[in-house]
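> Chains as they are written, first to last, in the working numbering: chain Z, 6 to 148; chain B, 6 to 148. The C-beta atom is built at its ideal place from N, Cα and C for all residues, glycine as well. Quick one: structure below, then a few questions.
Protein chains: 2
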Amino acid sequence: MSHDTWNYQDALRRDGYRVTPQRERIMDLVCQAGMRLSAQQICEAARSGPPAMNDATVYRNLRFLTERKLLRAIEQDGRTCYVLGGPAASHHHLICRRCGDEIEIPDDATSELYARLERRYGFRVDDDHLVLHGHCRACLATP
Amino acid sequence: MSHDTWNYQDALRRDGYRVTPQRERIMDLVCQAGMRLSAQQICEAARSGPPAMNDATVYRNLRFLTERKLLRAIEQDGRTCYVLGGPAASHHHLICRRCGDEIEIPDDATSELYARLERRYGFRVDDDHLVLHGHCRACLATP
DNA sequence: GCCACTATTGCATGTAGTCGCAATAGATCC
DNA sequence: GGATCTATTGCGACTACATGCAATAGTGGC
Numbered sequence: 006m007s008h009d010t011w012n013y014q015d016a017l018r019r020d021g022y023r024v025t026p027q028r029e030r031i032m033d034l035v036c037q038a039g040m041r042l043s044a045q046q047i048c049e050a051a052r053s054g055p056p057a058m059n060d061a062t063v064y065r066n067l068r069f070l071t072e073r074k075l076l077r078a079i080e081q082d083g084r085t086c087y088v089l090g091g092p093a094a095s096h097h098h099l100i101c102r103r104c105g106d107e108i109e110i111p112d113d114a115t116s117e118l119y120a121r122l123e124r125r126y127g128f129r130v131d132d133d134h135l136v137l138h139g140h141c142r143a144c145l146a147t148p
Numbered sequence: 006m007s008h009d010t011w012n013y014q015d016a017l018r019r020d021g022y023r024v025t026p027q028r029e030r031i032m033d034l035v036c037q038a039g040m041r042l043s044a045q046q047i048c049e050a051a052r053s054g055p056p057a058m059n060d061a062t063v064y065r066n067l068r069f070l071t072e073r074k075l076l077r078a079i080e081q082d083g084r085t086c087y088v089l090g091g092p093a094a095s096h097h098h099l100i101c102r103r104c105g106d107e108i109e110i111p112d113d114a115t116s117e118l119y120a121r122l123e124r125r126y127g128f129r130v131d132d133d134h135l136v137l138h139g140h141c142r143a144c145l146a147t148p
């Protein structure tokens with residue numbers, strides 16, 4: 006998916022935020038990479054590129070863009086990586102504690118649980134990128 | 006619950022780890038507090054107390070004790086807090102994004118989901134302290 | 001009780017990310 | 001196009017936590 010086909014700029018302006026060259030650069034970097042980029046990779050690229058920007062600005066904008074769902078943050082052993090967010094289908098992850106393998110599962114896997122929690126506690130969960138840990142089929146089979 | 010009624014020392018020794026005064030002090034602090042303590046609170050108390058210990062030692066042991074389930078870590082706006090772990094019943098948390106209220110729910114709330122994930126993907130989840138975010142009944146009612 | 005083995009500690013230093021504040025620059029209105 | 005209003009940036013300092021390495025001290029075997 007490209008962020009060109011998706012008008013995130015107007016969405017920001019509509020909400021009273023500004024579209025700055027710094028924000029566009031970060032979106033471009035994440036999009037062009039085509040893979041998850043770590044905060045440091047983005048900082049490094051952004052320090053030199055035009056416009057040359059400060060690490061604090063990068064971090065602030067990564068948080069900002071993630072909160073507005075334009076990016077999506079993924080924790081990966083202590084560091085944070087980013088991929089394009091936006092209209093992407095939400096989904097959850099299963100991560101194996103042993104081999105580190107990562108399985109994506111559809112977001113409706115949790116809908117039954119969420120519905121039950123709402124019935125029982127009146128609480129409406131909205132986490133759409135759960136990360137669950139455990140052991141995958143292969144690692145369960147080989148102790 | 007007290008950690009005296011629960012022989013965590015032998016559990017450590019059995020696994021080839023050592024029971025050091027530093028580790029015992031940290032366990033004592035968390036137990037006597039009777040409430041969740043932040044890493045900094047523990048550092049501060051441990052710096053002066055006998056044995057006087059280094060912050061790095063505290064952090065290393067908090068991680069160590071948490072990995073061995075003798076303590077349990079709770080994230081709280083960017084900081085980590087700790088409570089006694091051990092034989093305590095496991096449970097999950099629902100945290101309201103608006104009022105910050107925290108609801109504890111029994112750990113078997115997720116057993117149906119976990120069973121389904123194992124059937125469908127061969128993946129056995131073992132997270133026993135899930136933290137789910139959303140909105141509580143009161144906040145849903147008052148927009 | 002003493003020894004040897006190695007897990008653990010203390011210290012200094014490194015890393016990821018945050019924050020306060022003055023200066024800059026998008027967006028809107030005219 | 002210019003004035004204005006305030007969101008955003010850059011900078012430097014700061015926080016929470018991690019790590020490499022040499023020194024220390026639990027533990028199990030005798």
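Would residue 43 of chain Z pass as a contact of residue 84 of chain Z if the rule is Cβ separation under 8 angstroms?
Yes; because the gap between Cβ atoms is below 8 angstroms, this pair is in contact.
> For residue 71 of chain Z, name the three-state secondary structure that DSSP assigns.
If DSSP states are grouped into helix, strand and coil, residue 71 of chain Z belongs with the helices.
> Determine contact between the stretch 104–120 of chain Z and the stretch 56–67 of chain Z, defined as no fewer than three beta-carbon pairs at a distance below 8 angstroms.
With the cut-off at 8 angstroms, the stretch 104–120 of chain Z and the stretch 56–67 of chain Z do not touch.
> Closer than 7 angstroms by beta-carbon distance: list the chain B residues that pair up with residue 115 of chain Z, in chain order.
118, listed in chain order.
> Which residues of the stretch 74–96 of chain B have a Cβ closer than 8 angstroms to any Cβ of chain Z? Give them in chain order.
Listed by position, the residues of the stretch 74–96 of chain B near chain Z (Cβ gap below 8 angstroms) amount to none.
> Determine whether the Cβ of residue 67 of chain B lies closer than 8 angstroms to any Cβ atom of chain Z.
Taking Cβ atoms only, chain Z never reaches closer than 8 angstroms to residue 67 of chain B, which makes this a no.
> Taking 8 angstroms as the CB-CB limit, is residue 105 of chain Z close to chain B?
It does not: the Cβ of residue 105 of chain Z has no partner Cβ on chain B nearer than 8 angstroms.
> Buried or exposed for residue 32 of chain B, going by 16 or more other Cβ atoms inside 10 Å?
That one is buried.
> Could you have a look at residue 22 of chain Z and say whether DSSP puts it in helix, strand or coil?
In the structure shown, residue 22 of chain Z sits in coil (DSSP, three-state: anything other than H, G, I, E or B).
> Between the stretch 103–112 of chain B and the stretch 129–146 of chain Z, are three or more C-beta pairs nearer than 8 angstroms?
No: the two stretches stay apart, fewer than three of their Cβ pairs being nearer than 8 angstroms.
> Does DSSP put residue 86 of chain Z in a helix, a strand or coil?
Residue state, collapsed to three classes: strand.
> With distances taken from CA atoms, which of B/69, B/36, B/68, B/30 is nearest residue 58 of chain B?
Nearest option by C-alpha distance: B/30.
> Take residue 102 of chain Z and list the residues in its own chain whose beta-carbon comes closer than 7 angstroms to its own, dropping the five residues that flank it on each side.
Only 138, 139, 140 meet the Cβ criterion.
> Does chain Z have any CB closer than 8 angstroms to the CB of residue 122 of chain B?
Taking Cβ atoms only, chain Z reaches closer than 8 angstroms to residue 122 of chain B, which makes this a yes.
> Verify the CB distance criterion: does residue 140 of chain B have a CB-CB separation below 8 angstroms to chain Z?
For residue 140 of chain B, the answer is yes, since a Cβ of chain Z falls inside 8 angstroms of its Cβ.
> Does the distance from the CB of residue 97 of chain Z to the CB of residue 112 of chain Z come in under 8 angstroms?
Closer than 8 angstroms, so yes.
> With 8 angstroms as the threshold, decide whether the Cβ of residue 126 of chain Z is near any Cβ in chain B.
Chain B, which has a Cβ nearer than 8 angstroms to the Cβ of residue 126 of chain Z, makes this yes.
> Any beta-carbon of chain Z closer than 8 angstroms to the one on residue 20 of chain B?
Residue 20 of chain B does not count as touching chain Z.
> Taking only three categories from DSSP, how would you classify residue 135 of chain Z?
Note: residue 135 of chain Z maps to coil in three-state DSSP.
> Please classify residue 48 of chain Z as buried or exposed, where buried requires at least 16 neighbouring CB atoms within 10 angstroms.
Flag for residue 48 of chain Z reads buried.
> Less than 8 angstroms separating the beta-carbons of residue 67 of chain Z and residue 75 of chain Z?
The answer is no: Cβ separation not under 8 angstroms.
> Verify the contact flag: residue 22 of chain Z, CB atom, against every heavy atom of the ligand PLP, threshold strictly below 7 angstroms.
The ligand PLP is not part of the structure shown, which contains no ligands of any sort.
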